[in-house]
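Residues 3 to 231 in the numbering used here are what the sequence shown spells out, letter by letter.
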Amino acid sequence: MTKRRPKVLVVDIGGSHVKLRATSQGTARKFDSGPTLTPKMMVAGVHRLTRGWQYDVVSIGYPGPVLHGRPVQEPHNLARGWVGFDYEAAFGRPVKIVNDAAMQALGSYESGRMLFLGLGTGLGSTLIVEGIVHPLELGHLPYRKGTFEDYVGLRGLQKRGKKKWRRTVDDVVTRLAAAMQPDTVVIGGGNVKKLKTLPPGCRTGLNANAFRGGFRLWAHAPAAKRGLR
Numbered sequence: 003m004t005k006r007r008p009k010v011l012v013v014d015i016g017g018s019h020v021k022l023r024a025t026s027q028g029t030a031r032k033f034d035s036g037p038t039l040t041p042k043m044m045v046a047g048v049h050r051l052t053r054g055w056q057y058d059v060v061s062i063g064y065p066g067p068v069l070h071g072r073p074v075q076e077p078h079n080l081a082r083g084w085v086g087f088d089y090e091a092a093f094g095r096p097v098k099i100v101n102d103a104a105m106q107a108l109g110s111y112e113s114g115r116m117l118f119l120g121l122g123t124g125l126g127s128t129l130i131v132e133g134i135v136h137p138l139e140l141g142h143l144p145y146r147k148g149t150f151e152d153y154v155g156l157r158g159l160q161k162r163g164k165k166k167w168r169r170t171v172d173d174v175v176t177r178l179a180a181a182m183q184p185d186t187v188v189i190g191g192g193n194v195k196k197l198k199t200l201p202p203g204c205r206t207g208l209n210a211n212a213f214r215g216g217f218r219l220w221a222h223a224p225a226a227k228r229g230l231r
């Protein structure tokens with residue numbers, strides 16, 4: 003007898019929105035996040051928007067470092083209280099938590115050595131090598147008079163304008179690709195659509211790939227079992 007795969011609820015937490023999708027639910031839903039959002043508010047918002055949905059397990063994409071399935075640092079763009087919060091008790095179901103960029107990277111992965119860079123509120127980053135996921139925190143490394151995130155994240159876009167921001171994105175991607183030596187670079191996140199062209203060797207990662215990554219977390223694949231637990 004074939005074991006039934008669990009129905010998965012995917013919760014993608016970003017600095018601007020929390021996005022939701024579940025197995026057999028074709029349309030994603032979302033609500034606002036921002037600097038006042040606590041984990042209790044997030045869970046309440048998820049319960050409100052998913053009333054009537056059927057799911058067995060939960061995948062959470064978290065905007066910060068995750069170690070052994072638990073957030074280890076408070077997010078830069080949300081309220082505090084995320085580290086040490088009991089997510090399984092709050093949802094009443096098994097929960098897997100990964101960095102949000104890692105979740106979108108897993109959904110974007112095809113083969114080989116792939117570097118994922120997410121242009122959103124900040125700069126998400128993940129390296130996948132032969133199916134093994136390695137979450138990174140490249141966005142907070144020094145760059146010019148700040149960090150990579152200061153220049154290519156939302157603050158950099160708003161401060162410098164699209165034209166300068168695009169040139170900076172090209173420079174940052176080139177530098178990080180030279181350091182990581184990937185076969186391909188996937189650029190995702192909400193602001194990738196603001197680029198006119200992609201740097202050489204890059205392809206676009208769709209935001210919907212975050213949901214695919216969340217579903218893959220519960221699939222019996224090497225990337226899900228070995229790289230993200």
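We treat Cβ as the ideally placed atom computed from N, Cα and C, and that holds for glycine.
Item	Value
Residues bridged to HIS49 (per DSSP)	DSSP output for HIS49 lists no bridge partner at all.
Spatially closest choice to GLY17 from TYR64, PHE87 and PHE150, by CA coordinates	TYR64
Beta-carbon proximity of ARG168 to LEU197, cut-off 7 Å	yes
Three-pair Cβ contact test at 8 Å for the segment 51–62 versus the segment 158–167	no
Cβ-based neighbour list, LYS227, same chain, cut-off 7 Å, excluding 5 preceding and 5 following	With a pLDDT of only 37 at LYS227, under 50, the local geometry of the prediction cannot be trusted, and the value read off the model is given with reservation. Correct list: empty, nothing qualifies.
DSSP state of LYS42 mapped onto helix, strand, coil	helix
Supposed contact pair ILE130 and VAL97 - C-beta distance, whole angstroms, cut 8 Å	Wrong, their Cβ atoms sit about 22 Å apart, outside the cutoff.
PRO184 and MET116 closer than 7 Å at C-beta	yes
Environment of SER35 [buried if 16+ CB atoms lie within 10 Å]	buried
Whole-angstrom distance between SER127 and LEU138, CA atom to CA atom	5 Å
Whole-number beta carbon distance between LYS32 and LYS21, since they are thought to touch under 8 Å	4 Å
Among GLN27, LEU69, VAL68 and PRO73, nearest to LEU262 - alpha-carbon criterion	It is not possible to answer for residue 262, since the shown part of the chain is limited to 3 through 231.
Any non-hydrogen atom of the ligand SAM within 6 Å of ALA181 CB	For the structure depicted, the ligand SAM is absent and the ligand set is empty, with no information on it obtainable.
7 Å Cβ cutoff met for ARG214 and GLY109	yes
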